[in-house]
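Undergrad: I am attaching a structure below and will ask some questions about it afterwards.
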Amino acid sequence: ETGITYREWAPGAKWAALIGDFNNWNPNADVMTRDEFGVWEIFLPNNADGSPAIPHGSRVKIRMDTPSGMKDSIPAWIKFSVQAPGEIPYNGIYYDPPEEDKYVFKHPRPKKPKSLRIYESHVGMSSKDPVINTYANFRDEVLPRIKKLGYNAVQIMAIQEHSYYASFGYHVTNFFAPSSRFGTPDELKSLIDKAHELGLVVLMDIVHSHASKNTLDGLNMFDGTDSCYFHSGERGYHWMWDSRLFNYGQWEVLRYLLSNARWWLDEYKFDGFRFDGVTSMMYTHHGLQTEFTGNYNEYFGFATDVDAVVYLMLVNDLIHGLFPEAITIGEDVSGMPTFCIPVQDGGVGFDYRLHMAIADKWIEILKKRDEDWKMGDIIHSLTNRRWLEKCISYAESHDQALVGDKTIAFWLMDKDMYDFMALDRPSTPLIDRGIALHKMIRLITMGLGGEGYLNFMGNEFGHPEWIDFPRGDQHLPSGAVIPGNNFSYDKCRRRFDLGDADYLRYRGMQEFDQAMQHLEEKYGFMTSEHQYISRKDEGDRVIVFERGDLVFVFNFHWSNSYSDYRVGCFKPGKYKVVLDSDDPLFGGFSRINHEAEYFTSEGLHDGRPRSFYIYAPSRTAVVYALAEDEVEPVDAELKEQLRGEDGTVRRPGSILMAVVEDYFQKSTPASNPFFPPSKVMCCWLLTNFLR
Numbered sequence: 001e002t003g004i005t006y007r008e009w010a011p012g013a014k015w016a017a018l019i020g021d022f023n024n025w026n027p028n029a030d031v032m033t034r035d036e037f038g039v040w041e042i043f044l045p046n047n048a049d050g051s052p053a054i055p056h057g058s059r060v061k062i063r064m065d066t067p068s069g070m071k072d073s074i075p076a077w078i079k080f081s082v083q084a085p086g087e088i089p090y091n092g093i094y095y096d097p098p099e100e101d102k103y104v105f106k107h108p109r110p111k112k113p114k115s116l117r118i119y120e121s122h123v124g125m126s127s128k129d130p131v132i133n134t135y136a137n138f139r140d141e142v143l144p145r146i147k148k149l150g151y152n153a154v155q156i157m158a159i160q161e162h163s164y165y166a167s168f169g170y171h172v173t174n175f176f177a178p179s180s181r182f183g184t185p186d187e188l189k190s191l192i193d194k195a196h197e198l199g200l201v202v203l204m205d206i207v208h209s210h211a212s213k214n215t216l217d218g219l220n221m222f223d224g225t226d227s228c229y230f231h232s233g234e235r236g237y238h239w240m241w242d243s244r245l246f247n248y249g250q251w252e253v254l255r256y257l258l259s260n261a262r263w264w265l266d267e268y269k270f271d272g273f274r275f276d277g278v279t280s281m282m283y284t285h286h287g288l289q290t291e292f293t294g295n296y297n298e299y300f301g302f303a304t305d306v307d308a309v310v311y312l313m314l315v316n317d318l319i320h321g322l323f324p325e326a327i328t329i330g331e332d333v334s335g336m337p338t339f340c341i342p343v344q345d346g347g348v349g350f351d352y353r354l355h356m357a358i359a360d361k362w363i364e365i366l367k368k369r370d371e372d373w374k375m376g377d378i379i380h381s382l383t384n385r386r387w388l389e390k391c392i393s394y395a396e397s398h399d400q401a402l403v404g405d406k407t408i409a410f411w412l413m414d415k416d417m418y419d420f421m422a423l424d425r426p427s428t429p430l431i432d433r434g435i436a437l438h439k440m441i442r443l444i445t446m447g448l449g450g451e452g453y454l455n456f457m458g459n460e461f462g463h464p465e466w467i468d469f470p471r472g473d474q475h476l477p478s479g480a481v482i483p484g485n486n487f488s489y490d491k492c493r494r495r496f497d498l499g500d501a502d503y504l505r506y507r508g509m510q511e512f513d514q515a516m517q518h519l520e521e522k523y524g525f526m527t528s529e530h531q532y533i534s535r536k537d538e539g540d541r542v543i544v545f546e547r548g549d550l551v552f553v554f555n556f557h558w559s560n561s562y563s564d565y566r567v568g569c570f571k572p573g574k575y576k577v578v579l580d581s582d583d584p585l586f587g588g589f590s591r592i593n594h595e596a597e598y599f600t601s602e603g604l605h606d607g608r609p610r611s612f613y614i615y616a617p618s619r620t621a622v623v624y625a626l627a628e629d630e631v632e633p634v635d636a637e638l639k640e641q642l643r644g645e646d647g648t649v650r651r652p653g654s655i656l657m658a659v660v661e662d663y664f665q666k667s668t669p670a671s672n673p674f675f676p677p678s679k680v681m682c683c684w685l686l687t688n689f690l691r
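Counting from 1, one number per residue, gives the positions in the sequence shown under UniProt numbering.
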């Protein structure tokens, strides 16, 4: 209330002062003092009229005398930074609006969902137009779309400020500042509040694995040394990412990163994080040029960065301790044991591991001919995870959509997507194959891949082409030139209009993805404990499995359809179709009768006690569920029989008692094979009469 305290850890600095618009950039006006730990500090009392010494929205920097000379830096803990027109480095902004202007959250956080269905998104490229989109437009236009599609969580990338837009947000310069390209901090808060109103959990793609190597507006060389927040020398540089690597053994680095995690949950009401690059953090080789076979020496050896693993345990403990409903997801490809075991039980403490191997497997398979697809190989990749370790599965994420790679839709249909996606034009075999397999790949990934599912925005309808951020030509030290795209935004957007157009085949794929999400919402099969794969037939190219109360049947054969195909199941009764990839609504050929009923018969088949017969067309996926019995209405005659002496129809309880009493009186061993009455019979009576 009486002023502003500013602290900064810069152990390498010999002198420091706070400068900015507030003191006309005078380095002698506000000189800071240093303690024994290298923390510089200054207190700025309020002005005589009670206003803060640093006006809200004004520029600030710290000037330091360092081993590398005099240096002006943006404060490491800055809450907002902007790039002035015509300038390259960002400016740190003192962001502390008056109480009456601060955004006030109106809606509580949604309850943590049992199964996560994540819509991975990027605010900047979320417009259908070639522009940088805003928090406000994302709030008003994209969030309702996500809700309608049936997802229950939105994961937002590139929130932490990054001066290089084409880094996809992974070269962070200001860790406490939301990206100013998309709007103000209060507009981001409004976005999150709207998501909560819609019942959507909001996850942040947080980057604590590395940092931008920028020196003017980032943490690199912050105090004039190559250490400070990072390891010095070669260990502090990631050769593939061209970025700096944190020293997790430093007390102030731990304070900085732990505070950062709490800041986004406290101040912005994010509901959790997807931690980027966790594999890179946990090993000094960063998972590069290394294969993990499952041997424990690969996880617990000299290549393990113990300080980094301890940091991950600390941050998970902090997050779950302060916010018990918060969700943490770790991007790890190594399969580190104990990754999703709570910290108090000796684990790293994540709630979920991102099942990264699945997407890589699909790309590997898509490069092969249909005849070379192996059902067992698909099943193994989808189910290859540690017992009770919850995983987020995905067929493709933003990684596969980047320039230089291809989305699944583009792998399948390639250039035919440019000319044959309109419904008023004849399709091609490549398009028919692509649409069919696109749906099957996504459903089987969701069905078997884990306890959660992720989709990158636009891929639900098979977004064409790739993502290419605006960029100029890059001149390498060798003299070679990597051509840019003339700073074009044409391929840095999402063409949601394609998925919405009822005259294009994209619409069918989007409708299928929506039906898939709503099916999971209704049946909750991803988090069911019951999972049994009863068939993986390499000859028929058929996969059959149970997940929860559902039976999934996939026929990957390119031409063979099977009549009277016997499918094993566990539960007896009548099954009906609840999802059919061949439905005309989804761009299919309507080869399945949705009114058909499938009755089970006793007898062992594919290791299951019962089975039923179906029609399995080529390149289709069909999901069957036990039919819910329809309640027959009580007819007038029965109602009269149940009417009491006072003329009112007796309550279900008294009706039940009368029926049970009558049953007991009339039942004898000779007249009733069910005598004496069993608990099953009483339950049956109770259920039917209370209906």
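Yeah, the Cβ is synthetic: ideal placement off N, Cα and C, and Gly gets one too.
Can you check DSSP and say which residues form a bridge with Cys-391?
TA: Arg-353
Undergrad: Grab the span of the alpha helix (DSSP H) containing Pro-185 for me, first residue to last.
TA: 185-197
Undergrad: Taking contact to mean 3 or more Cβ pairs, one atom from each stretch, closer than 8 Å, check whether the segment 539-550 and the segment 462-471 are in contact.
TA: Contact fails: fewer than three Cβ-Cβ distances are below 8 Å.
Undergrad: From what residue to what residue does the alpha helix (DSSP H) around Arg-442 run?
TA: 429-448
Undergrad: Could you name the residues that DSSP lists as bridge partners for Tyr-119?
TA: Val-154, Asn-455
Undergrad: Would you report the Cα separation of Glu-529 and Leu-200, rounded to the nearest angstrom?
TA: 25 Å
Undergrad: CB-CB under 6 Å to Thr-279, same chain, minus the five flanking residues each way: which ones, in chain order?
TA: Gly-287, Asp-332, Val-333, Ser-334
Undergrad: Could you check how far apart the C-beta atoms of Gly-150 and His-518 are, in whole angstroms? I think they sit under 8 Å.
TA: 5 Å
Undergrad: Using DSSP with H/G/I as helix, E/B as strand and the rest coil, what is Gln-474?
TA: The DSSP-derived three-state label of Gln-474 is strand.
Undergrad: Whole angstroms is fine: what's the gap from Leu-437's alpha carbon to Arg-619's?
TA: Approximately 7 Å, taken between the alpha carbons.
Undergrad: On the three-state DSSP scale, how would you describe Glu-632?
TA: Below a pLDDT of 50, predicted positions are generally treated as unreliable, and Glu-632, at 46, falls in that range; the measurement from the model is reported next regardless. Reduced to three states, the DSSP call for Glu-632 is coil.
Undergrad: With a threshold of 16 other CB atoms inside 10 Å of the CB of residue 718, please say whether the residue is buried or exposed.
TA: Because the chain in this structure spans residues 1 to 691, residue 718 falls outside the shown range and cannot be described.
Undergrad: Does the separation of the CB atoms of Asp-416 and Leu-430 fall below 8 Å?
TA: yes
Undergrad: Look up Asp-424 in the DSSP assignment and give the residues it is bridged to.
TA: The partner list for Asp-424 (beta bridge, DSSP) is empty, contrary to what the question assumes.
Undergrad: Where does Phe-554 sit, in a helix, a strand or coil, going by DSSP?
TA: If DSSP states are grouped into helix, strand and coil, Phe-554 belongs with the strands.
Undergrad: How about Ile-118 and Tyr-453: do their beta carbons lie closer than 8 Å?
TA: yes
Undergrad: Does the beta-carbon distance from Leu-245 to His-231 come in below 8 Å?
TA: yes
Undergrad: Any contact between the segment 268-285 and the segment 202-216? By contact I mean 3 or more CB pairs, one from each, below 8 Å.
TA: The segment 268-285, when compared against the segment 202-216, does touch it at the 8 Å Cβ threshold.
Undergrad: Is Pro-609 helix, strand or coil by DSSP?
TA: It is a strand residue.
Undergrad: Excluding the five sequence neighbours on either side, which residues of its own chain have a C-beta within less than 8 Å of the C-beta of Ala-627, listed in chain order?
TA: Taken in chain order, the residues that qualify are Gly-573, Lys-574, Tyr-575, Lys-576, Glu-597.
Undergrad: By alpha-carbon positions, which one of Ile-192, Asp-186, Gln-83, Ser-167 ends up nearest to His-107?
TA: Ile-192
Undergrad: Can you give the beta carbon distance from Ser-393 to Gly-449, rounded, assuming they're within the 8 Å contact cut?
TA: Contact flag correct, Cβ pair sits at about 3 Å.
Undergrad: With 16 other CB atoms within 10 Å as the buried threshold, where does Lys-213 fall?
TA: By the neighbour-count criterion, in which a residue is buried when 16 or more other Cβ atoms sit within 10 angstroms of its Cβ, Lys-213 is buried.
Undergrad: When burial is assigned at 16 or more other CB atoms within 10 Å of the CB, is Gln-155 buried or exposed?
TA: buried
Undergrad: The alpha helix (DSSP H) spanning Phe-339 covers which residue range?
TA: In the DSSP assignment, Phe-339 falls outside any alpha helix (DSSP H), carrying neither H nor E.
Undergrad: Glu-100 and Tyr-135 - do their beta-carbons sit closer together than 8 Å?
TA: no
Undergrad: Note down, in chain order, each residue of its chain lying with its Cβ closer than 8 Å to the Cβ of Asp-305, except the 5 sequence neighbours on either side.
TA: Excluding sequence neighbours, Asp-305 sits near Tyr-248, Met-281, Met-282, Tyr-283, Thr-284.
Undergrad: How would you write the range of the alpha helix (DSSP H) that Leu-322 sits in, first residue to last?
TA: Bounds of the alpha helix (DSSP H) holding Leu-322 are 306-322.
Undergrad: Could you check the C-alpha separation between Asp-317 and Gly-272 for me, to the nearest Å?
TA: 13 Å
Undergrad: Using 8 Å as the threshold, is the C-beta distance between Ala-261 and Ile-319 below it?
TA: yes
Undergrad: What is the rounded straight-line gap between the Cα of Phe-350 and the Cα of Met-313?
TA: 8 Å
Undergrad: Quick test of your reading: Val-623 and Val-578, contact by CB under 8 Å. State the CB separation rounded to the nearest angstrom.
TA: 5 Å
Undergrad: Given a cut-off of 8 Å, decide if Ser-180 and Phe-323 are closer than it, judged by their beta-carbon atoms.
TA: no
Undergrad: Tell me whether Trp-241 sits in a helix, a strand or coil according to DSSP, three-state version.
TA: coil
Undergrad: Beta-carbon within less than 8 Å of Tyr-489's beta-carbon, same chain only, minus the 5 sequence neighbours each way: which residues are those?
TA: Pro-130, Val-131, Ile-132, Pro-470
Undergrad: For Val-649, which of helix, strand or coil comes out of DSSP?
TA: Because the pLDDT of Val-649 is 49, which lies under 50, any placement of that residue in the model is unreliable, and the number read from its coordinates should be weighed accordingly. Reduced to three states, the DSSP call for Val-649 is strand.
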